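Residue numbers (the working numbering): 1 to 295. Structure first, commentary second.
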């Protein structure tokens, strides 16, 4: 038996056996020192957070474009020249050197899709797939293609007529849909630009925004109108005709999404319309564009 004098006593070593036989002294777990979990946020806090999230996403994407478009239309309306005599270019060349122009074009397309990734990421915060939540998946390819082609014809053909009427009335600027230098990559880049526009606008202005406003318990008519007005706002720089036409397009697309909860047909429709305009504008001879009031 070993004894220890009082002056020789040492603190117990955590994790080692000491004192009576068979007893073990251990240090408190780190988890025991942590404060208890905070209660879940209340409905009011959730609403504030969702509202802030919406403003942040829109401020990084279409909302920012809408603000610039409002300033642009004010600039156009206060010039000496009439609105109908002004021009807007959608796909400008960014460098006279082809390889550098291509680099700029691809970078612009890629970075424009970052807000789309952010919106999808935020919609998947509860563990549910965001692409399935808004119907951006490829589970119905042929049906989505057919519906998208039908929507493209329904919106695109009257849209060209509305643009022509707007040009005649002088309330729409001349829109140059493509001003890229001729190169082997011109058409592929225009197709990618059309797809980028479709993903950005349909995912954020329809899928993301409508889902978040639904989470905030907005009424269905208010959600549809908000989505449509957002779409019209960032086209305002093209004039009043473009604003009105895109609001109508927004109402149709938002109502379709409200009923079907699928954004993929809208992406298909938007891509087809923009490809027709972008590539067609680049390939149609100048005299044809003049006759069709497209220039």
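Heads up, the beta-carbon is just placed ideally off N, CA and C, and yes, glycines get one too. Predicted, not measured: the structure shown is a model, and the values here were computed from it.
Boundaries (first-last residue) of the beta strand (DSSP E) holding residue i
{"i": "residue 174", "result": "174 to 176"}
Which listed residue (the options) has its alpha carbon closest to that of residue i
{"i": "residue 195", "options": "76, 238, 269, 220", "result": "269"}
{"i": "residue 257", "options": "244, 241, 214, 184", "result": "214"}
{"i": "residue 50", "options": "202, 218, 102", "result": "218"}
{"i": "residue 62", "options": "77, 261, 52, 200", "result": "200"}
{"i": "residue 207", "options": "79, 238, 122, 99", "result": "122"}
{"i": "residue 148", "options": "198, 129, 107", "result": "198"}
{"i": "residue 77", "options": "262, 240, 223, 120", "result": "240"}
{"i": "residue 204", "options": "58, 191, 82", "result": "58"}
{"i": "residue 160", "options": "143, 118, 249", "result": "249"}
{"i": "residue 230", "options": "134, 67, 46", "result": "67"}
{"i": "residue 118", "options": "183, 232, 275, 209", "result": "209"}
{"i": "residue 109", "options": "234, 188, 48", "result": "188"}
{"i": "residue 263", "options": "120, 244, 278", "result": "120"}
{"i": "residue 169", "options": "134, 228, 84", "result": "84"}
{"i": "residue 276", "options": "144, 153, 127", "result": "153"}
{"i": "residue 151", "options": "251, 172, 73", "result": "251"}
{"i": "residue 143", "options": "278, 266, 273", "result": "266"}
Buried or exposed (CB count within 10 angstroms, at least 16 for buried), residue i
{"i": "residue 111", "result": "exposed"}
{"i": "residue 44", "result": "exposed"}
{"i": "residue 155", "result": "buried"}
{"i": "residue 259", "result": "exposed"}
{"i": "residue 146", "result": "exposed"}
{"i": "residue 24", "result": "Reliability fails at residue 24, whose pLDDT of 49 lies under 50, so the model's placement of it is uncertain and the value that follows must be treated cautiously. So residue 24 counts as exposed."}
{"i": "residue 167", "result": "buried"}
{"i": "residue 157", "result": "exposed"}
{"i": "residue 75", "result": "exposed"}
{"i": "residue 181", "result": "exposed"}
{"i": "residue 246", "result": "buried"}
{"i": "residue 211", "result": "buried"}
{"i": "residue 89", "result": "exposed"}
{"i": "residue 139", "result": "exposed"}
{"i": "residue 91", "result": "buried"}
{"i": "residue 141", "result": "exposed"}
{"i": "residue 202", "result": "buried"}
{"i": "residue 193", "result": "buried"}
{"i": "residue 221", "result": "exposed"}
{"i": "residue 186", "result": "buried"}
{"i": "residue 135", "result": "buried"}
{"i": "residue 281", "result": "buried"}
{"i": "residue 22", "result": "Reliability of the predicted coordinates at residue 22 is poor, the pLDDT of 47 falling under 50, and the value obtained from them is presented with this limitation in mind. Flag for residue 22 reads exposed."}
{"i": "residue 87", "result": "exposed"}
{"i": "residue 95", "result": "exposed"}
{"i": "residue 41", "result": "exposed"}
Per-residue DSSP class, three states only, for residue i
{"i": "residue 78", "result": "coil"}
{"i": "residue 92", "result": "strand"}
{"i": "residue 170", "result": "coil"}
{"i": "residue 226", "result": "helix"}
{"i": "residue 246", "result": "helix"}
{"i": "residue 52", "result": "helix"}
{"i": "residue 125", "result": "coil"}
{"i": "residue 179", "result": "strand"}
{"i": "residue 216", "result": "coil"}
{"i": "residue 258", "result": "helix"}
{"i": "residue 46", "result": "helix"}
{"i": "residue 268", "result": "helix"}
{"i": "residue 221", "result": "helix"}
{"i": "residue 158", "result": "helix"}
{"i": "residue 21", "result": "Residue confidence is low: residue 21 scores 47 on pLDDT, short of 50, so the model does not pin down where it sits. No coordinate-derived value is stated."}
{"i": "residue 70", "result": "helix"}
{"i": "residue 61", "result": "coil"}
Per DSSP, the bridge partner or partners of residue i
{"i": "residue 87", "result": "174"}
Closer than 7 angstroms to chain D by CB, residue i
{"i": "residue 137", "result": "Of the chains in the structure shown, none is chain D; there is only one protein chain."}
Segment limits, alpha helix (DSSP H) that includes residue i
{"i": "residue 234", "result": "First-last for residue 234: undefined, no H or E at that position."}
{"i": "residue 139", "result": "Element bounds for residue 139: n/a, residue is neither H nor E."}
{"i": "residue 191", "result": "186 to 201"}
{"i": "residue 302", "result": "Absent from the model: residue 302. The displayed extent of the chain is 1 to 295, so no value can be given."}
{"i": "residue 131", "result": "130 to 133"}
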